[in-house]
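Enquirer: Residue numbers (numbering that gives the first Met the number 0), protein chains in the order written: chain A, 0 to 330; chain B, 0 to 168; chain C, 0 to 666; chain D, 0 to 301.
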Amino acid sequence: MSKPKVAFYWCASCGGCEEAVVDLAEEILQVVEAVEIAFWPVGLDFKREDVERLADGELAAAFINGAIRTSEQAEMAHLLRSKAQVLIAFGSCSHMGGVPGLANLFDREEILRYVYEEAPSVVNPQRVRPEERIEVDEGMLTLPAFWEGVQTLDQTVEVDYYLPGCPPPVGLIRSALQALLTGNLPPKGSVLAPDVALCAECPRKPTKPERLALKELKRPHQVLIDPETCLLAQGLLCLGPATRSGCGAACIAGNMPCTGCLGPTSRVLDGGAKALSALASLLDATEEAEIERILAGIPDPVGLFYRYSLPASLLHRRVGNGERLREGRSS
Amino acid sequence: MSERPVEGERSFEPRIVAFFCNWCTYTAADLAGTARMTYAPNIRIIRLMCSGRLDPQFVLAAFRHGADGVLIGGCHPGDCHYQEGNYKALRRYLLLKRLLREMGIEEERLRLEWISASEGDRVQKVANEFTETIRRLGPLRLAPRPGVIRLPVAALPEPSPAAREGALP
Amino acid sequence: MRAHEIYPNGGPRIGVYVCHCGLNIAGKVDVHEVVEFAKTLPFVVVAREYKFMCSDPGQEMIREDIREHRLNRVIVASCSPLLHEATFRRVLEQAGQNPFFFQMVNIREHVSWVTEDPREATEKAKALVAAAIRRVIFHEPLQRRRVPVKDRVLIVGGGIAGIHAALTLADAGKHVYLVEREPTIGGHMAMFDKTFPTLDCAACILTPKMSAVAAHPNITLWTYSEVIQVEGFVGNFRVRVRRKPRYVIEELCVGCLQCIDACVYKDARFPDEFNLGLGKRKPIYIPFPQATPRVVLIDPETCIWFKTGKCKRTCLEACERKAIDFEQQERIEEIEVGAIILATGFKTFDARRIPEYGYGKYPNVYTALEVERLVNAAGPTGGEVRLRDGRVPKRVGIIHCVGSRDERFNRYCSRVCCMYSLKLAHLIKERTGAEVYNFYIDMRTPGKGYEEFYDRLLQEGVHFIRGRVAEVTDWAITPEEEGKLIIRVEDTLIGVVRRIPVDMVVLAVGLEPQPDAEEVRRMFNISCSKEGFFLERHPKLAPVSTFTDGIFLAGACQGPKDIPDSVAQAGAAAAEALALIDKGYVELEPNTAYIVEELCSGCKTCISLCPYNAISFDEVRAIAVINEALCKGCGTCVAACPSGAARQHLFEDAQIFQEIEGVLAYV
Amino acid sequence: MSYLYFPGCSLKGTGRAYEESLLAVFRALGIPLTELADWNCCGATAYMSIDEHQAFALAARNLALAESQGSPADGAVQLIAPCSACYLVLLKAQQCLAADIALCQEITIALKEGGHCYRGRVRIRHPLDVLVHDVGLSEIARHVRQPLRGLKIACYYGCQIVRPFALFDRPHDPSTMDDLVRILGAEPVSWPLKTHCCGGSLTGTIPEVGWRLNYLLLREAQRRGAHLIVTVCPLCQFNLEAYQDQIRQRYPDLAPMPVLYFTQLIGMAMGLPPRELGLQRLLIPVDGLMAALSKEGAHARA
């Protein structure tokens, strides 16, 4: 009997997720042993036709990383969806929109204008912009459509499982693969990571005081960070309490606060709002002015609370355009 | 909001969700009723035990599901039935406003008011004022969000099939 | 929790009941339309309307449906849940359902009564009903918590209201702590000579009750004491009381008063509080002969020993029982009670705030309370009405509504002034034969025998001039005005401005909240109404209850009242307290927070937020745990829990999200 | 702080002594006082009772002028209106404009016609208020050269400066002028008629009634041992001073009672030359009285 076929594909992403697969190191050989890689543009030379040729459901599983911003990414997502029995959103971008999702703070026009006209490194006097269709002697050339906003994979096609993280921690990938191969999978729609927040596995947990009252909020570059004590206790904005565990607190080990790449637990509808609520609760102030003074330590709330999840959040995208925002003025 | 169509100004009826604490503001709203103080019908009151129960998720959910404004009502500082819940509400509210600002939503769409049990007239005043403010701002035009908003399934007591799809049939 | 527990009969089966409340709701909201609309909503099995849902037939209708249609969820759209939630939960219970599969929709206070346009009212009602339906689907069966109740009662304030409540409870065999700030109980009533309209002597009816309090085995009487801290909740209040030093050992003093005679001050020379400074006392004194307890006290402000440390202290040897103790310190008592009755009374309006009436400027302008002392046989003048210069007034003017019904000060009517003015008019006329003029806006004499008393005064030839007095002045125009006070007033019945020269002016000052009502309110965690009196839970249905369970109100601290009303209310408060503690336990709303332990990461965010220290950190399992007995259900920790492990019964995230969607989905 | 000054018709006519003494005192205290250029009728009396809107428009124009001419101190231009009627009407206009949007729009349009605009940034002040609260009693005391020892004074506030807008003193029983008088070394007599009616325009229309009202005031001051009455209002001053002969024919018991502006009294205490204070304009002169007093004073000193 032939080995189960799997596919890997990337959309709006940085390639880190692909690295993560390679990070399986020698274990990848076992994977290759166990499955037949039917499609993996990054790794080997495949063409879209190779996928189109497959029968529906012929793929045992498809792993898609990256967010969805273009018509081409959406097409590939639909294509793989139809060919795969199990579709897995791989990494923060496909799970929640990821860092590319922060583009939802600006509208399409602003982005194009900046990238093709205003960016300091750009010289483009004719203000040439990429066109979706252009007639040349050889015929019609087309480009994928660049959508108004970024969306998550499950806002595009139905997703069976999510492998969270930026990139997904090797440990989670491993157990996910095992689950797939052995077929003992959790209920559809699950996130393949522990459903308890990061503090649970944080080595610094014992150093967190029971009565934390923050008078000052600091950012990593502003302080010498003590490598032992809880980062929140040091006034650093660590999202550990609001983020799934499963990464072994890797960032904390690197003496950096958690930025929330594994996303919220299953009980939470909007991770950013929850993190915001928890953090605000801990401020040590009752006077409006004093509260504002402390909150000035959060110059960019969206960047802090929704670094990986803006498209997945309730608000999803900025209202109006980000002009004034980019010029640093508030609307 | 200059881009708002002129005819819209007349037709637009603000949709406002109000989260009132049981002990002060909700009671004040009852008092406004007993005193027959009529006010704008746009306010939909949801009762919480304390303004401290107000989870910022509720506010965002309200906006996402079509609210043009959200009003939070709690006891006056120092008067909280639960001693200091209203201070927590205040902190969350102030941070939330910063978030809304960055998301391009006018801050005035979120308002926090301290209204004690005896201030029925303030409920009337605030309800009317706030409705007017929102009317002036016009409808909140959130970018449409693709996909279903799934209720945090694990947060439900044993979910019914209907519950799984956040929105009911 | 397993499915069959939530859905005993399969899926949700909802019954929706919309109340007309006579025309209160139906007059504005198209109830029928709301019902028809409800029928179209998911899981709704029956939807009905009825004139009065809270009535027996209404309740029976619901019970019937629950049995017949196997309803497992009920919505009642009527008045405020603060009014009838309990009623309808009971209905579910009686029908064998868990009472918390219920959601109430407030379409009266929040809709029909506050909305102009019927169309909009109906739409709003529909939206709220829709929200409730979505919410109730996610309700879970809950059990009320029962906590035992301490069978003792604290009564704050020893005026007639406090006294009556104390005796009522004590006679019922309950132990009562009666705490009074002044050195004696009796309050304002003890200052009066006669009481309207019967003119029976205040002392004769009050002092027996006072001594009964002192003698009662079930009453612990702490005068000259103040409550300084209140903790806990209904059934289990922990209260701290400061007992100020009187420098006299209460247990030893028998009230022989020899110490007072012995005082180095041969004659009394300090203004005495009880007589409002009209009389004098010594540094060691007793407020008045019938003071209860009959125990002297020393005022360190005026006692030489306390001021200079040099005094023969003749009082010491005068006291055979060695009751005097200059070293006495203040004591803090701690008590635990199941219920509290506030009977802290009122203060009279400060007449100085109306300069044009000349109080404090013209010596012959008095407040009514001062005149009460003047006409009192036990007062500074032995009951003779004499002016400060000793003359007997020939003409007396009584000005009504001083500080009442006046937008500058208090809009409300103080209710007692008309009647006590009539009483004083009668007494003054009786004692001096003077011409007495009453200046009133409206005469308000509702009450048994009150109007008759007014008639009697008219017969007695007391003058009544209708008009608010403009000013009291010593500006004489005519010879007969010389040396008199002139009351300038527009007589609105004959439409002329009149100048009435008098020897004595009595200001019928209104009743105001105690100056420290605000602090007291905070200490007991209750509310005040606009004008600053303590707020009752419901003006009609819960007139002596407050929004804090287990705390009741009696007397003028809740609003101006005369003696009969204060006593009646005191009785009511006592009965409420009795009902509470006799039951032996209270059932608390099960709206407590709880933590799903296997989901808690132990981030400790919630711990510092709890105002009641109900949350602690379990070092072994390294997670937070909630002590539900201490939790009061505010839900602050739930809103803060960053991983959604902390939740609140009756206010689950899911339930509220559903409500939010609901109110918005149908507008 | 610098002040704009709105004279109004009285201070250019019957009340010239008021203007002279006011300017003299402010000059002596070193406080700049600039007359509002191109000012017009304040809108009081007849106007207000015949056509409120015209009255408001008139008042508003003055306010608009002030706003454009003055230099704002803490957010508002300080405009001094010594005449009680002007003071009240300007205040009333400002309050009504702030309260009644429709009226405000109407007036704004009216002002626009004349190329004016009022944004409500003027603070209308009475000189008594300015002297007592801005300048301060101690500062005035510093300038007193000839304390008015032995002089008994009835302070008369009239009906308008503390009612209905009690902006700087109690509406019943005001006391700022009494305090001021004390600082000048004189003694305010206690009399209850501080704000009673001076007869207003009745002295012109129904003299019998008006004069009786004047009489009652004058007599009470006399009974309370006052040497003179001090007032803040041109109309009060005129009513009380001008008719004393006629009044005496009806009520012989009335002795001549000088009636001064409070600014004149301040000037006297500061030792400013009588002519600068317009004392020569008094119908019932005070020099005799002053001479007598200073003699007593001399004896006292010797």
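Glycine included, each C-beta is placed from N, C-alpha and C at the ideal position.
Methionine 503 (chain C) bridges to which residues according to DSSP?
Expert: C:Val395
Enquirer: In the region 233-256 of chain A, which residues sit with their C-beta less than 9 Å from some C-beta in chain C, listed in chain order?
Expert: So the close ones are Leu238, Gly239, Pro240, Ala241, Thr242, Arg243 and Ser244.
Enquirer: Evaluate the contact criterion for the region 566-578 of chain C versus the region 119-136 of chain C: three or more CB pairs, one atom per stretch, below 8 Å.
Expert: no
Enquirer: Mapping the DSSP letters down to three states, classify tryptophan 9 (chain A) as helix, strand or coil.
Expert: The three-state secondary structure of tryptophan 9 (chain A), taken from DSSP, is strand.
Enquirer: Using the rule of at least 16 other Cβ atoms within 10 Å of the residue's Cβ for burial, across every protein chain shown, is threonine 167 (chain C) buried or exposed?
Expert: buried
Enquirer: Determine the direct distance from the alpha carbon of valine 662 (chain C) to that of glycine 296 (chain A), and round the result to whole angstroms.
Expert: 36 Å
Enquirer: Could you tell me whether the region 81-96 of chain D touches the region 49-64 of chain D, where touching means 3 or more Cβ pairs closer than 8 Å?
Expert: yes
Enquirer: Could you spell out the range, first to last residue, of the beta strand (DSSP E) harbouring threonine 37 (chain B)?
Expert: It is not in any beta strand (DSSP E) - threonine 37 (chain B) carries neither H nor E in the DSSP assignment.
Enquirer: Which term fits methionine 139 (chain A), buried or exposed, when burial requires 16 or more other beta carbons within 10 angstroms of its beta carbon?
Expert: It is exposed - the Cβ of methionine 139 (chain A) has fewer than 16 other Cβ atoms within 10 Å.
Enquirer: Determine which residues of the region 280-314 of chain A have a Cβ less than 9 Å from any Cβ of chain C, and write them out in chain order.
Expert: Ser280 and Leu281
Enquirer: Would arginine 181 (chain D) and tyrosine 214 (chain D) be called neighbours here (beta carbons separated by less than 9 Å)?
Expert: no
Enquirer: Can you check DSSP and say which residues form a bridge with serine 77 (chain C)?
Expert: C:Asn105
Enquirer: Would you mind giving the Cβ-Cβ distance between alanine 342 (chain C) and glycine 549 (chain C), rounded to the nearest angstrom? I have them listed as a contact below 8 Å.
Expert: Contact flag wrong, Cβ pair sits at about 15 Å.
Enquirer: Under 6 Å Cβ to Cβ from isoleucine 133 (chain B), same chain only, skipping five residues before and after it: list those, please.
Expert: Pro13, Asp67 and Gly68
Enquirer: Can you check whether the CB of asparagine 238 (chain D) is closer than 9 Å to the CB of glycine 209 (chain D)?
Expert: yes
Enquirer: Would proline 80 (chain C) pass as a contact of arginine 46 (chain B) if the rule is Cβ separation under 9 Å?
Expert: yes
Enquirer: Given the structure, does leucine 79 (chain A) come close to the ligand SAM, in the sense that its CB is under 8 Å from one of the ligand's heavy atoms?
Expert: As far as ligands go, the structure on display features none, and thus does not contain the ligand SAM.
Enquirer: In chain order, what are the residue ranges of uninterrupted alpha helix (DSSP H) at least 4 long that sit wholly in the region 421-467 of chain C?
Expert: Along the region 421-467 of chain C, the alpha helix (DSSP H) occurs as fully enclosed runs of 4 or more residues at 449-458, listed in sequence order.
Enquirer: Keeping to the same chain, check which residues put their C-beta closer than 7 Å to that of leucine 152 (chain A); ignore five residues upstream and five downstream.
Expert: Ile63, Ile67, Ala76, Ala88, Ser93 and Val158.
Enquirer: Starting from leucine 177 (chain C), trace the beta strand (DSSP E) both ways and give me its first and last residue.
Expert: 174-178
Enquirer: Using 9 Å as the limit for Cβ to Cβ distance, is threonine 635 (chain C) near chain A?
Expert: yes
Enquirer: Give me the Cα-Cα distance between proline 156 (chain B) and glutamate 209 (chain A), rounded to the nearest whole angstrom.
Expert: Any reading at proline 156 (chain B) is ruled out, since the residue's pLDDT is 48, under 50, leaving its predicted position unreliable.
Enquirer: Would a C-beta distance cut-off of 9 Å place isoleucine 398 (chain C) and aspartate 54 (chain B) closer than the cut-off?
Expert: no
Enquirer: Straight-line CA distance for asparagine 97 (chain C) to histidine 138 (chain C)?
Expert: About 10 Å.
Enquirer: Would you list the residues sitting across from proline 13 (chain B) in a DSSP beta bridge?
Expert: According to DSSP, which records beta bridges pairwise, proline 13 (chain B) is partnered with nothing at all.
Enquirer: Is aspartate 49 (chain A) closer than 9 Å to alanine 37 (chain A) when the C-beta atoms are compared?
Expert: yes
Enquirer: When burial is assigned at 16 or more other CB atoms within 10 Å of the CB, is arginine 245 (chain C) buried or exposed?
Expert: buried
Enquirer: For the alpha helix (DSSP H) containing glycine 68 (chain B), name the first residue and the last one.
Expert: No alpha helix (DSSP H) holds glycine 68 (chain B); the beta strand (DSSP E) holding it covers 68-73.
Enquirer: Which same chain residues end up closer than 6 Å to methionine 48 (chain B) when comparing Cβ atoms and leaving out the 5 residues on each side of it in sequence?
Expert: Asn21
Enquirer: Under 8 Å, with one C-beta from each stretch per pair, do the region 96-115 of chain B and the region 22-42 of chain D reach the 3-pair mark?
Expert: no
Enquirer: Helix, strand or coil: how does DSSP classify valine 231 (chain D) here?
Expert: coil
Enquirer: Is it the case that the region 55-65 of chain C contacts the region 21-38 of chain C, given that we only count it when at least three CB pairs across the two stretches are under 8 Å?
Expert: No, they do not touch.
Enquirer: Please report whether the beta-carbon of phenylalanine 19 (chain B) lies at a distance below 9 Å from any beta-carbon of chain A.
Expert: Taking Cβ atoms only, chain A never reaches closer than 9 Å to phenylalanine 19 (chain B), which makes this a no.
Enquirer: If we call anything under 9 Å between Cβ atoms a contact, is glycine 554 (chain C) one with glycine 158 (chain C)?
Expert: yes
Enquirer: Classify serine 10 (chain B) as buried or exposed, calling it buried when 16 or more other Cβ atoms lie within 10 Å of its own Cβ.
Expert: exposed
Enquirer: Do asparagine 71 (chain C) and arginine 151 (chain C) have their beta-carbon atoms positioned less than 9 Å apart in this structure?
Expert: no
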